[in-house]
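*Asks:* Here's a structure for you.
Number of protein chains: 2
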Amino acid sequence: MSDHPLDAAIALSPQGEHTSRGRTSAAYANMIGPFGGITAAQALNAVLQHPELLGEPIALTVNFAAALADGEFEVTARPARTNRSTQHWIIEMRQGGATVLTATAVTAVRRETWSPPDPPMPEVARPHDVPLPLSRSGVEWVNRYETRFLEGGLPSTWDGSDLGHSRTRVWMRDSPPRVLDFASLTGIADVFFPRIWLRRSLFVPVGTVSMTVYFHASAAELQAIGEGFLFGQAEGQGFHNGYLDQKAQLWSEAGQLVATSHQIMYFKE
Amino acid sequence: MSDHPLDAAIALSPQGEHTSRGRTSAAYANMIGPFGGITAAQALNAVLQHPELLGEPIALTVNFAAALADGEFEVTARPARTNRSTQHWIIEMRQGGATVLTATAVTAVRRETWSPPDPPMPEVARPHDVPLPLSRSGVEWVNRYETRFLEGGLPSTWDGSDLGHSRTRVWMRDSPPRVLDFASLTGIADVFFPRIWLRRSLFVPVGTVSMTVYFHASAAELQAIGEGFLFGQAEGQGFHNGYLDQKAQLWSEAGQLVATSHQIMYFKE
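Right, here's the structure in full:
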């Protein structure tokens, strides 16, 4: 195992047929509890390290049932159905006996098929031509990602003005850099900050309720991307009575669409 | 209970604390087994009719683990976590003891908040100005929906030419018409035919692996839409080595974004 903080954060100790134990990581601490993207990566890792795993992740949905407390958790990943080339997983994370996360995953052995060119990513400046943030964040997990914003960064003034849209374009990778894999890609898919902060220029309480990631690349393709950046584009769709949803796409520097992702968040006010 | 075929199809008989029994419906038969949208509606209905239900659906993810056989199934819907205003569900459907579907749902009591105008739906002809299909479908479930295609209907010639995009715009409602609710909206979210048939003008084997629906309207708002049409827009994103994903939005005739939806399908060739 590398000594990268992501590897330390997602490490799990098997405790039985389908159960493992892990713990939250101070390196990925959020304002309250851990960064959701790392919790999602931990849930996926329970599948990835399961001895009965068939194939590679195709789809992951995680539902955040409660804020995790700092400390230990237990995660069960059960292969509910194993077919010839696909496998269906039910995942549940608990602390002190109470469910804090539910999830499902689909893994599959992929075959080569007709694969047309991906939808082209927007023409934007290359990562190293885009400035880094000037200061370290007070929120620790934010420092675990190198983010270079092309558009739609955090508001510079929180004056409550309606921006009318909520699109972000950003180059992202782990910090320090780390070779891409399914766990790190899951984390990166959750790096976009809440769309409502951007849309309203207002810091309102929020939390992701459910997040889905569809994986469009194999383990080998992710490894080939290595420590390269991903180009992420995210935008809110519906904002209605306490919940908003976000669509997102993630491309490699070479223009491969490696994942699409969606999430629904609650917000107050 | 109404005598609408949808109500008959989603009817479940409680068998225990979290378990109900249902059966597939000939009215919603697909080429093999039932229409996935109705299976998703049945899974959601196990939550909707659960005596411990809190609030209304916010998010639903269903994973199709196996083709359902025509006949009976058992569905368990367990509230894994109940908070003050949100509830997290784990759902599993079985036939002959084997898992055929896994799912998660989030329900919530919503409050009025800042809710900006929805992203505008495209300016298109009104439903009654768009022609109906000329003939009845040989696939029974298709006849359970009134679909009026504005763009991206089924290819008129299956000649294998790459259309270069896969966008469909269509007015949809139940047939016969039925007052909209969460169960019928879930079915309608899956009415879009496989994006790869449109993109490639080629009839290849396909099947939905995972579908997510985010609900942006309340039960009362859906009821107010009544028997009105929904405008649906769907488009494929990534098509890669056997799997493709689809994004979709559903608006009411009045322009309310009632749901966003995503799915990932396998395809052969």
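Which chain is which? The protein sequence lines are A and B, in order.
The opening residue of the first sequence carries number 1388 in our numbering; numbering runs sequentially from there.
The opening residue of the second sequence carries number 1388 in our numbering; numbering runs sequentially from there.
Beta carbons: idealized from backbone N, C-alpha and C, even for Gly.
Because the structure is a prediction, the values reported are computed rather than measured.
Please report the distance separating the alpha-carbon of residue 1389(B) from that of residue 1396(B).
*Replies:* 11 Å
*Asks:* Quick check on the burial criterion: 16 or more other C-beta atoms within 10 angstroms. Buried or exposed for residue 1573(B)?
*Replies:* buried
*Asks:* DSSP three-state call for residue 1584(A): helix, strand or coil?
*Replies:* helix
*Asks:* With 16 other CB atoms within 10 Å as the buried threshold, where does residue 1422(B) fall?
*Replies:* Counting Cβ neighbours within 10 Å, residue 1422(B) comes out buried, since at least 16 surround it.
*Asks:* By how many angstroms is the C-alpha of residue 1613(A) removed from the C-alpha of residue 1514(A)?
*Replies:* For residue 1514(A) and residue 1613(A), the distance between alpha carbons rounds to 15 Å.
*Asks:* Should residue 1597(A) and residue 1451(A) be called a contact, given that it needs their Cβ atoms to be closer than 9 Å?
*Replies:* yes
*Asks:* Which same chain residues end up closer than 8 Å to residue 1556(B) when comparing Cβ atoms and leaving out the 5 residues on each side of it in sequence?
*Replies:* 1509, 1511, 1536, 1537, 1538, 1539, 1618, 1619, 1620
*Asks:* Whose Cβ in chain B lies nearer than 8 Å to the Cβ of residue 1502(A)?
*Replies:* 1626, 1627, 1628
*Asks:* So residue 1430(B) and residue 1477(B) are in contact, right, with Cβ under 8 Å, and what is the actual spacing, rounded?
*Replies:* In fact, because the Cβ distance is near 11 Å, the residues do not count as touching under 8 Å.
*Asks:* Would residue 1528(A) pass as a contact of residue 1415(A) if the rule is Cβ separation under 9 Å?
*Replies:* yes
*Asks:* Quick check: is the beta carbon of residue 1487(A) nearer than 9 Å to any beta carbon in chain B?
*Replies:* yes
*Asks:* Closer than 9 Å, CB to CB, is residue 1585(B) near chain A or not?
*Replies:* no
*Asks:* So, under 8 Å CB-CB, residue 1486(A) and residue 1467(B) are touching, yes? Tell me the CB distance rounded to an integer number of Å.
*Replies:* Right, their Cβ atoms sit about 4 Å apart.
*Asks:* What runs of the alpha helix (DSSP H), each 4 residues or longer, lie entirely inside the region 1417-1474 of chain B?
*Replies:* For the alpha helix (DSSP H) assignment, the uninterrupted runs of no fewer than 4 residues enclosed by the region 1417-1474 of chain B are, from N- to C-terminal side, 1423-1435.
*Asks:* Given that residue 1549(B) touches chain A, what residues does it touch there, using C-beta distances under 8 Å?
*Replies:* 1503
*Asks:* Considering residue 1644(B), what are the terminal residues of the beta strand (DSSP E) in which it resides?
*Replies:* 1644-1654
*Asks:* With DSSP as the reference, label residue 1495(A) as helix, strand or coil.
*Replies:* If DSSP states are grouped into helix, strand and coil, residue 1495(A) belongs with the strands.
*Asks:* For residue 1657(A), which residues does DSSP report across the bridge?
*Replies:* Past the edges of chain A, shown from 1388 to 1656, lies residue 1657(A), and the structure says nothing about it.
*Asks:* To the nearest angstrom, how far is it from the Cα of residue 1634(A) to the Cα of residue 1447(B)?
*Replies:* 16 Å
*Asks:* Beta-carbon of residue 1476(A) versus every beta-carbon of chain B: anything under 9 Å?
*Replies:* yes
*Asks:* Would DSSP call residue 1577(B) helix, strand or coil?
*Replies:* coil
*Asks:* Is residue 1660(A) helix, strand or coil when you go by DSSP?
*Replies:* Since the first and last residues shown for chain A are 1388 and 1656, residue 1660(A) lies out of range.
*Asks:* Out of 1419(B), 1651(B), 1628(B), state which residue places its alpha-carbon closest to the alpha-carbon of residue 1503(A).
*Replies:* From the listed residues 1419(B), 1651(B), 1628(B), the smallest Cα separation to residue 1503(A) is found for 1628(B).
*Asks:* Secondary structure at residue 1572(A), three-state DSSP: helix, strand or coil?
*Replies:* helix
*Asks:* How many angstroms separate the CA atom of residue 1582(A) from the CA atom of residue 1646(A)?
*Replies:* Those two C-alpha atoms are separated by around 19 Å.
*Asks:* Using a Cβ cut-off of 9 Å (strictly closer), state whether residue 1526(B) contacts chain A.
*Replies:* Interface residue (Cβ-Cβ distance to chain A less than 9 Å): residue 1526(B) is not classified as such.
*Asks:* Out of 1471(A), 1568(A), 1534(A), which has the shortest C-alpha to C-alpha gap to residue 1518(A)?
*Replies:* 1534(A)
*Asks:* Listed from N- to C-terminal order along the chain, which residues in the region 1587-1606 of chain A have their beta-carbon within a distance smaller than 8 Å of any beta-carbon of chain B?
*Replies:* Residues of the region 1587-1606 of chain A with a Cβ closer than 8 Å to any Cβ of chain B, in chain order: 1587, 1596, 1597, 1599, 1601, 1603, 1604, 1605.
*Asks:* Mind pulling the chain B residues with CB within less than 7 Å of residue 1691(A)?
*Replies:* This structure leaves residue 1691(A) out entirely; chain A is present only between 1388 and 1656.
*Asks:* Which residue comes first and which comes last in the beta strand (DSSP E) that contains residue 1550(A)?
*Replies:* Judged by DSSP secondary structure, residue 1550(A) falls outside any beta strand (DSSP E); it is assigned neither H nor E.
*Asks:* Tell me where the alpha helix (DSSP H) around residue 1637(B) begins and ends.
*Replies:* From DSSP, residue 1637(B) is part of no alpha helix (DSSP H) but of the beta strand (DSSP E) over 1630-1639.
*Asks:* Where does residue 1418(A) land, buried or exposed, given buried means 16+ other C-beta within 10 angstroms?
*Replies:* With fewer than 16 other Cβ atoms within 10 Å, it is exposed.
*Asks:* Using 8 Å as the cut-off, classify the Cβ of residue 1597(A) as near or not near the heavy atoms of the ligand GTP, replying yes or no.
*Replies:* The ligand GTP is not among the ligands present in this structure, which contains no ligands whatsoever.
*Asks:* Let me make sure I understand the geometry here. Which of 1480(A), 1438(A), 1433(A) has the alpha-carbon closest to that of residue 1454(A)?
*Replies:* 1480(A)
*Asks:* What three-state label does DSSP hand residue 1515(A) in the structure shown?
*Replies:* helix
*Asks:* Going by the DSSP bridge assignment, what does residue 1407(A) pair with across the sheet?
*Replies:* 1401(A), 1462(A)
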